[in-house]
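Take a look at the structure below.
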Amino acid sequence: MKTTSLLLAILSFNILAIAATSFTSEPFDSREATIDSVHNALYSGISSCRDVVSSFISRIEAFNPTVNAIISLNPNALSIADRLDLQIALGNSTGLLFCIPVLLKDNFDMVGMNTTGGCLDLAGNKPTADAPVVTALKNAGAIILGKTNLHELALEGLSVSSLGGQTVNPYDHTRTPGGSSGGTGAAIGSSFAVFGTGTDTVNSLRSPASANSLFSVRPTRGLISRAGVIPISFTQDAIGPIARNVKDLAVALTVMTSVEYDTNDNTTALIPTSSVGVDYSNSIYGGSLKGLRLGLLQGFVNRTASNETTPVNDAMDHMVSVLEAAGATIVSINETVYNATTIATLDVQTSEYRQEMDAYLEMPSLSGTQPSTLNELYNSSKFLVIPSQYNYVNTALRSSTSNSSYAPTKLGIQNLTTVLRSTFSSNSLDAIIYPEQKNLVVKIGSPSQSGRNGILAALTGSPVVTIPAGFSPPTDDAPIGVPIGMEILGQPWSESKLLNIAAHISDLTHVRRMPSFANGSVEVSSYDTVPTITPNASNIPSAYPLGTL
Numbered sequence: 010m011k012t013t014s015l016l017l018a019i020l021s022f023n024i025l026a027i028a029a030t031s032f033t034s035e036p037f038d039s040r041e042a043t044i045d046s047v048h049n050a051l052y053s054g055i056s057s058c059r060d061v062v063s064s065f066i067s068r069i070e071a072f073n074p075t076v077n078a079i080i081s082l083n084p085n086a087l088s089i090a091d092r093l094d095l096q097i098a099l100g101n102s103t104g105l106l107f108c109i110p111v112l113l114k115d116n117f118d119m120v121g122m123n124t125t126g127g128c129l130d131l132a133g134n135k136p137t138a139d140a141p142v143v144t145a146l147k148n149a150g151a152i153i154l155g156k157t158n159l160h161e162l163a164l165e166g167l168s169v170s171s172l173g174g175q176t177v178n179p180y181d182h183t184r185t186p187g188g189s190s191g192g193t194g195a196a197i198g199s200s201f202a203v204f205g206t207g208t209d210t211v212n213s214l215r216s217p218a219s220a221n222s223l224f225s226v227r228p229t230r231g232l233i234s235r236a237g238v239i240p241i242s243f244t245q246d247a248i249g250p251i252a253r254n255v256k257d258l259a260v261a262l263t264v265m266t267s268v269e270y271d272t273n274d275n276t277t278a279l280i281p282t283s284s285v286g287v288d289y290s291n292s293i294y295g296g297s298l299k300g301l302r303l304g305l306l307q308g309f310v311n312r313t314a315s316n317e318t319t320p321v322n323d324a325m326d327h328m329v330s331v332l333e334a335a336g337a338t339i340v341s342i343n344e345t346v347y348n349a350t351t352i353a354t355l356d357v358q359t360s361e362y363r364q365e366m367d368a369y370l371e372m373p374s375l376s377g378t379q380p381s382t383l384n385e386l387y388n389s390s391k392f393l394v395i396p397s398q399y400n401y402v403n404t405a406l407r408s409s410t411s412n413s414s415y416a417p418t419k420l421g422i423q424n425l426t427t428v429l430r431s432t433f434s435s436n437s438l439d440a441i442i443y444p445e446q447k448n449l450v451v452k453i454g455s456p457s458q459s460g461r462n463g464i465l466a467a468l469t470g471s472p473v474v475t476i477p478a479g480f481s482p483p484t485d486d487a488p489i490g491v492p493i494g495m496e497i498l499g500q501p502w503s504e505s506k507l508l509n510i511a512a513h514i515s516d517l518t519h520v521r522r523m524p525s526f527a528n529g530s531v532e533v534s535s536y537d538t539v540p541t542i543t544p545n546a547s548n549i550p551s552a553y554p555l556g557t558l
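For the sequence shown, my numbering begins at 10 and goes up steadily by one.
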């Protein structure tokens with residue numbers, strides 16, 4: 010046995026030596042890197058997988074102190090890269106995401122990294138099992154590079170937390186990055202990984218995509234298993250990818266949907282046979298915008314002129330003109346039901362949150378130290394509460410699905426869903442468009458992320474692809490302007506159609522630009538181990554108290 014082990018060790022060493030000499034080891038430029046550009050560098054021998062990972066880590070070391078997007082890095086990232094380099098040497102480099110650095114929002118469970126939700130009281134929460142979607146990413150060859158900051162427990166859109174502090178918008182350092190997946194948005198906008206994951210209970214995948222000139226998809230309810238992700242609402246929660254281009258978004262979605270029915274998330278039983286095993290990357294090719302009928306929700310636009318609203322309206326007007334020039338028909342939808350503020354009265358997360366969170370905290374797959382109930386967490390004085398959350402949390406702590414108001418509200422959601430389907434049918438629509446946010450993403454220190462329009466999709470379970478729509482005029486704080494996003498909402502299971510529309514619009518407009526502060530190259534370090542990243546928890550705005558309600 011000892012001889013066999015020694016021979017295997019010598020063989021592995023020799024293969025690694027061959028692998029090391031098979032790369033020219035030119036520095037990999039991770040700025041705006043794509044799945045294709047990483048694979049081209051790997052398979053042409055220009056860069057090793059370790060080179061790729063090291064390049065992203067160097068960018069994080071250089072620019073994360075400014076945006077504060079990363080909570081922690083995966084200590085095993087470089088050793089995984091070395092193992093993948095060995096697979097290349099052995100001719101076994103398969104997988105849609107082979108050696109693709111990916112960042113997880115820090116509410117996704119992954120073995121070897123704590124799942125904190127950005128909360129000091131969950132800092133010691135150690136999962137012993139990966140979330141199914143994390144397993145899918147790993148099985149496709151992805152390297153989980155680390156975890157990103159988020160708004161505390163994903164309960165608002167400002168991306169500030171007691172553990173991670175305030176994440177800063179890379180395009181305007183006086184503004185938030187959207188949220189709650191703002192850490193992922195700021196990180197992917199700054200090229201800290203190829204793509205990242207987020208969650209969305211009302212706006213939280215789409216808000217950071219809009220605010221960071223990115224693409225995201227909130228899938229149809231049930232398309233992706235939510236098991237192993239810190240929950241808020243059984244009715245409204247969704248998870249999905251955030252990327253810098255449509256193709257990477259489509260590949261990421263393909264991998265994340267590879268988990269079919271999951272007994273730990275029974276919404277996955279809704280998936281129709283036609284949506285099983287779909288390669289969404291094929292969806293972006295072919296077809297055109299000509300002949301499409303796109304509804305524009307006028308109730309989701311604020312026509313009051315101001316420095317915060319006018320740039321959004323100008324960007325949307327330009328997108329409409331592009332779509333019409335490409336042969337699409339824009340149908341004005343003026344039904345009064347489409348008012349985001351009114352629709353928000355149907356939000357059921359406060360009735361579901363305590364039960365969902367208690368169930369997560371009781372999972373046998375969690376170890377380490379963490380509270381056992383939501384009430385225990387909020388009595389710990391180790392959490393952050395912003396002004397707009399006080400009533401929310403107080404309501405959630407005493408509410409449940411047995412509330413007398415819960416069933417009527419769920420019926421209201423069903424009625425809204427029926428109205429939405431009728432709007433599609435009566436107007437023969439292929440999709441519906443509107444700005445993700447009626448105004449620019451808010452300033453740091455604001456009481457809430459006002460003006461967002463994501464509630465319609467969140468309640469109806471409809472799929473949405475968010476795309477960059479433009480920028481506000483440049484200012485001293487925003488050298489190239491503040492990003493503005495547009496949502497494209499479709500009928501259930503129409504992700505392929507929405508991605509195709511997004512791809513055609515992207516090809517016509519080329520809106521995406523990287524933030525100027527992170528546009529320079531960095532010197533790539535030769536790492537022996539993954540460096541430790543310490544989030545800046547000292548930059549929490551003074552208006553946000555830490556402690557007991």
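Beta carbons are placed, not taken as given, at the ideal position from N, Cα and C, and that holds for glycine.
Quick caveat, the model's predicted, so the values are computed rather than measured.
Exercise for the section: State buried or exposed for PRO380, treating a residue as buried only when at least 16 other CB atoms are found within 10 Å of its CB. Expected result: Its Cβ being crowded by 16 or more others within 10 Å, PRO380 is buried.
Problem - the stretch 465-481 contacting the stretch 514-524, beta-carbon criterion three pairs below 8 Å - result: yes
Problem - In DSSP terms, what LEU375 is bridged to - result: PRO136
Practice task
Would you mind working out which of GLU165, THR382, THR543, GLN307 sits nearest VAL451, comparing C-alpha positions?
Solution key: GLU165
Exercise for the section: Provide the residue span of the alpha helix (DSSP H) that contains PRO217, from first to last. Expected result: 215-220
Exercise for the section: Locate the alpha helix (DSSP H) running through VAL111, then write down its first and last residues. Expected result: No alpha helix (DSSP H) holds VAL111; the beta strand (DSSP E) holding it covers 110-114.
Exercise for the section: Let me know the secondary structure DSSP gives THR404 once reduced to three states. Expected result: helix
Exercise for the section: Please go through the stretch 66-113 and give each complete beta strand (DSSP E) segment of 3 or more residues, from N-terminal end onward. Expected result: 79-82
Problem - Own chain residues within Cβ distance below 7 Å of GLN307, not counting five before or after - result: Listed in chain order, the non-local C-beta contacts of GLN307 below 7 Å within the same chain comprise SER341, ILE342, ASN343, local neighbours out to five positions each way being set aside.
Exercise for the section: Can you give me the Cβ contacts of ASP288 inside the same chain, cut-off strictly under 8 Å, excluding the 5 residues immediately before and after it? Expected result: THR263
Exercise for the section: Give the straight-line distance between the Cα atoms of VAL329 and ASP323, rounded to the nearest whole angstrom. Expected result: 10 Å
Practice task
Look at ALA196 and SER374 and say whether their C-beta atoms are less than 7 Å apart.
Solution key: no
Exercise for the section: Indicate whether SER170 and GLY198 have their beta-carbon atoms separated by less than 7 Å. Expected result: Result no, Cβ atoms of SER170 and GLY198 do not sit closer than 7 Å.
Problem - Straight-line Cα distance separating THR427 from ASN77 - result: 42 Å
Handout entry: For LYS147, the first and last residue of its enclosing alpha helix (DSSP H)
Key = Residues 141-148.
Handout entry: Coarse secondary structure for GLN446, derived from DSSP in three states
Key = Residue state, collapsed to three classes: strand.
Problem - Residue(s) in a DSSP beta bridge with SER433 - result: Position check: residue 433 holds Phe in this sequence, whereas Ser was assumed. According to DSSP, which records beta bridges pairwise, PHE433 is partnered with nothing at all.
Problem - Runs of beta strand (DSSP E) lying entirely within the stretch 245-296, each at least 3 residues, in chain order - result: Counting only runs that start and end inside the stretch 245-296, the beta strand (DSSP E) elements of at least 3 residues fall at 247-252.
Exercise for the section: Could you round the C-beta distance between VAL491 and TYR180 to whole angstroms and report it? I think they count as a contact, below 8 Å. Expected result: Yes, VAL491 and TYR180 are in contact; Cβ-Cβ is about 6 Å, under 8 Å.
Problem - One or two residues paired with GLY35 in a DSSP bridge - result: Looking at the sequence shown, residue 35 is not Gly but Glu. DSSP output for GLU35 lists no bridge partner at all.
Exercise for the section: Figure out for me which residue from ALA552, GLY421, PHE107, TYR415 has the closest Cα to the Cα of VAL397. Expected result: Position check: residue 397 holds Ser in this sequence, whereas Val was assumed. Checking every option, the nearest Cα to that of SER397 belongs to ALA552.
Problem - Supposed close pair LEU159, ASP209 - CB separation, criterion 8 Å - result: Their Cβ separation, rounded to whole angstroms, is 12 Å, which puts LEU159 and ASP209 out of contact at 8 Å.
Handout entry: Start and end residues, beta strand (DSSP E) containing ILE153
Key = 152-157
Practice task
Check the C-beta distance from LEU82 over to LEU146 and give it rounded, since I have them as a contact under 8 Å.
Solution key: That pair is no contact at about 16 Å.
Handout entry: Closest by C-alpha distance to ALA440, when choosing among SER292, VAL473, LEU303, THR418
Key = Ranking the options by Cα distance to ALA440, first place goes to LEU303.
Exercise for the section: Give a yes or no on whether 7 Å exceeds the smallest Cβ distance from MET366 to chain C. Expected result: In the displayed structure, chain C is absent; only one protein chain is listed.
Problem - Classification of GLY499 by the beta-carbon crowding that lies within 10 angstroms, buried from 16 upward - result: buried
Problem - Residue burial classification, ASN273 (beta-carbon count within 10 angstroms, cutoff 16) - result: Under a 10 Å Cβ-count criterion, ASN273 is classified as exposed, with fewer than 16 other Cβ atoms of the shown protein chains found around its own Cβ.
Problem - LEU223, DSSP secondary structure in three states - result: coil
Exercise for the section: From the DSSP output, read off the bridge partner residues of ARG302. Expected result: THR338
Exercise for the section: If I'm right that ARG40 touches SER200 with Cβ under 8 Å, what's the distance once you round it to whole angstroms? Expected result: About 5 Å separates the beta carbon of ARG40 from that of SER200, a gap short enough to meet the 8 Å contact definition.
Handout entry: Which listed residue (MET119, LEU232, LEU301) has its alpha carbon closest to that of SER284
Key = LEU232
Practice task
Tell me MET119's beta-bridge partners as DSSP assigns them.
Solution key: MET122
Exercise for the section: Starting from the Cα of LEU172, find the closest Cα among ASN545, GLY556, PRO417, ALA50 and give me that residue. Expected result: ASN545
Practice task
Keeping to the same chain, check which residues put their C-beta closer than 7 Å to that of PRO488; ignore five residues upstream and five downstream.
Solution key: SER525
Exercise for the section: Please confirm if the stretch 210-218 is in contact with the stretch 466-474, defined as three or more CB-CB distances below 8 Å between the two stretches. Expected result: yes
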